[in-house]
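Mapping of the sequence shown onto the numbering used here: residues 1 to 209, in sequence order.
All residues carry an ideal CB built from backbone N, CA and C; glycine is no exception.
Here the structure is a predicted model, which means the values were calculated and not measured.
For reference, the structure is listed below as structure tokens.
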Amino acid sequence: MGKFTVLNHPLIQHKLTIIRRKETGTNEFRRVVGEIAGLMVYEMTRDLPLETVEIETPIGKTKQKQLAGKKQVIVPILRAGLGMVDGVLTMLPSARVGHIGMYRDEETLQPHEYFFKMPPDIEDRDVIIVDPMLATGGSAIMAIDALKKRGATKIRLAVLVAAPEGIKAVSDAHPDVDIYAAAEDERLMENGYIFPGLGDAGDRLFGTK
Numbered sequence: 001m002g003k004f005t006v007l008n009h010p011l012i013q014h015k016l017t018i019i020r021r022k023e024t025g026t027n028e029f030r031r032v033v034g035e036i037a038g039l040m041v042y043e044m045t046r047d048l049p050l051e052t053v054e055i056e057t058p059i060g061k062t063k064q065k066q067l068a069g070k071k072q073v074i075v076p077i078l079r080a081g082l083g084m085v086d087g088v089l090t091m092l093p094s095a096r097v098g099h100i101g102m103y104r105d106e107e108t109l110q111p112h113e114y115f116f117k118m119p120p121d122i123e124d125r126d127v128i129i130v131d132p133m134l135a136t137g138g139s140a141i142m143a144i145d146a147l148k149k150r151g152a153t154k155i156r157l158a159v160l161v162a163a164p165e166g167i168k169a170v171s172d173a174h175p176d177v178d179i180y181a182a183a184e185d186e187r188l189m190e191n192g193y194i195f196p197g198l199g200d201a202g203d204r205l206f207g208t209k
């Protein structure tokens, strides 16, 4: 079964409280979401492999460490996932960015894919899907399905807040995908929102209703 990890670094928890507050405006909300995403990826990438290379400093030759292994691709689920991309790229500036567009049917709450664009070598890259909310898990499962269908093999999911129902749904459907969250919230409400959550992340990021 995939691993579920709450990244409880004090800075992440403090910033999460800021974006949970209903009085936090669009500008601050957008900035802090990016900051949390960067901190989360910093924590998530502790296991990245290193290799030894010989370089020359202004003083002389030396052997030092640099990143080795597969390149990264960041995949926001549109549209709310876009709010996390810049923060991730601050930490992984050489990562490519793919996009998956999903919309949720307001009646059935089921997701539908309407856009998919990835780097051509997706099968050779480590994938990090980013989306602020893991509610029912439907969008995340569909995104993972779409990526696997195109050849992706190592996929991780990074969310700000996760409902227990969504964690279970993704873990059951894709036990090989590790999930990282800033918080596991109490429950999923009947209307599909997470409680206590942070409202509609897309609307709060982009100032729409």
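Just the Cα atoms here: how many angstroms apart are residue i and residue j?
i	j	result
Glu107	Met189	15 Å
Thr57	Glu51	18 Å
Glu28	Glu54	43 Å
Tyr180	Gly2	10 Å
Asp185	His99	26 Å
Gly166	Val159	11 Å
Gly197	Val161	7 Å
Gly199	Lys63	49 Å
Gln110	Thr153	25 Å
Gly81	Asp172	23 Å
Since I believe residue j is in contact with residue i (beta carbons under 8 Å), could you give me their beta-carbon distance rounded to a whole number of angstroms?
i	j	result
Gln72	Arg125	6 Å
Ala37	Val88	5 Å
Ala182	Met40	6 Å
Buried or exposed for residue i, going by 16 or more other Cβ atoms inside 10 Å?
i	result
His174	buried
Lys15	buried
Asp145	exposed
Ser139	buried
Ile77	buried
Ala68	exposed
Ile59	exposed
Pro132	buried
Given residue i, which residues of its chain have a CB within under 6 Å of its CB, disregarding the five upstream and five downstream residues?
i	result
Ile129	Val75, Ala143 and Leu157
Gly137	Gly166, Ala169 and Val170
Near residue i, what residues of its chain come up, given a Cβ to Cβ distance below 8 Å and the 5 sequence neighbours on each side ignored?
i	result
Thr45	Met91 and Leu92
Gly207	Thr26
Cβ of residue i less than 9 Å from any chain C Cβ?
i	result
Lys70	Among the protein chains of the structure shown there is no chain C, as only one such chain exists.
(Q) Quick check on the DSSP output: what are the complete beta strand (DSSP E) runs of length 3 or more inside the region 120-179, in order along the chain? (A) List check, beta strand (DSSP E) in window: 125-130 and 154-162.
Q.
Runs of 4 residues minimum, wholly inside the region 14-72: which ones carry the alpha helix (DSSP H) assignment?
A. The region 14-72 contains these whole alpha helix (DSSP H) runs: 26-44.
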